Amino acid sequence: MIYPFDGKKPELHDSVFVAPGARIIGDVTIGEESTVWFNAVLRGDEGSITIGKRCSIQDNVTAHLYEGFPLVVEDEVTVGHTAILHGCTVRKRCIVGMGSTILDGADIGEESIIGANTLIPSGKKIPPRSLVVGSPGKVIRELTEKDLELIQLSIDTYVQKGKDYQQELGD
């Protein structure tokens with residue numbers, strides 16, 4: 110469901126797939142070929158949430174923010190099941206692992222992978238091409254070419270899966 114809030118209505122590209130049960134509220138913008146999966150909540154009631162092109166916001170993700178901490182997810186990002194994004198920036202071509210939490214003012218560098226159940230504290234800056242795990246998250250190595258192929262596979266898989274679901278469920 111898509112809800113306006115405080116005079117702001119979500120803006121979604123026509124190609125975006127929103128699964129039944131997902132909630133998109135207020136000042137939210139979502140780019141082309143992105144997907145928002147079952148029971149995800151994107152709540153732009155205190156500021157703006159921007160989701161780029163070809164992103165996958167998976168089941169039960171929570172995306173929110175405080176005023177002064179916009180939430181930005183750049184192009185081609187996969188956000189795994191039950192992750193929490195709060196007032197952070199996730200740069201292009203990242204994977205945010207299942208159950209991870211990224212807090213206010215954190216900035217995840219391009220082509221990084223945040224491992225499952227990792228906590229990125231407020232204000233933490235992660236360099237590009239990093240593999241980050243733990244609580245709090247620590248960079249354990251630079252990504253390999255195989256890791257970058259995994260990122261591309263995730264992007265392509267979820268763009269196609271969104272198209273398949275649109276066809277199956279009738280948009």
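Here this note's numbering = 1-based position in the sequence shown + 109. Even for Gly, the Cβ is constructed at its ideal location relative to N, Cα and C. Keep in mind that this is a model prediction, so the values were computed, not measured.
Residue of the options minimising C-alpha distance to residue i
i      : options                           : result
ARG200 : GLY116, GLY135, ILE222 and GLU183 : GLU183
HIS173 : ARG163, ALA192 and THR187         : ALA192
GLY279 : VAL127, GLY156, GLY135 and ASP213 : VAL127
PHE283 : PRO237, ILE166 and GLY206         : The structure shown has nothing for residue 283, since the chain only spans 110 to 280.
GLY206 : GLY214, LYS270, VAL150 and SER221 : SER221
ARG152 : VAL181, GLU251 and GLU142         : VAL181
Enclosing beta strand (DSSP E) for residue i [first to last residue]
i      : result
LEU194 : 193 to 195
GLY271 : Not the beta strand (DSSP E): GLY271 falls in the alpha helix (DSSP H), residues 254 to 278.
GLY116 : No beta strand (DSSP E) holds GLY116; DSSP gives it neither H nor E.
LYS247 : 247 to 251
ARG132 : 132 to 139
SER221 : Segment: none, SER221 is in no beta strand (DSSP E) and carries neither H nor E.
SER231 : It is not in any beta strand (DSSP E) - SER231 carries neither H nor E in the DSSP assignment.
SER239 : 239 to 242
Residue i - partner residues in DSSP beta bridges
i      : result
PHE126 : THR144
Supposed contact pair residue j and residue i - C-beta distance, whole angstroms, cut 8 Å
i      : j      : result
GLY224 : LEU240 : 7 Å
Review point. In chain order, which beta strand (DSSP E) runs of at least 3 residues are fully inside the stretch 159 to 214?
Key: 171 to 173, 180 to 182 and 193 to 195
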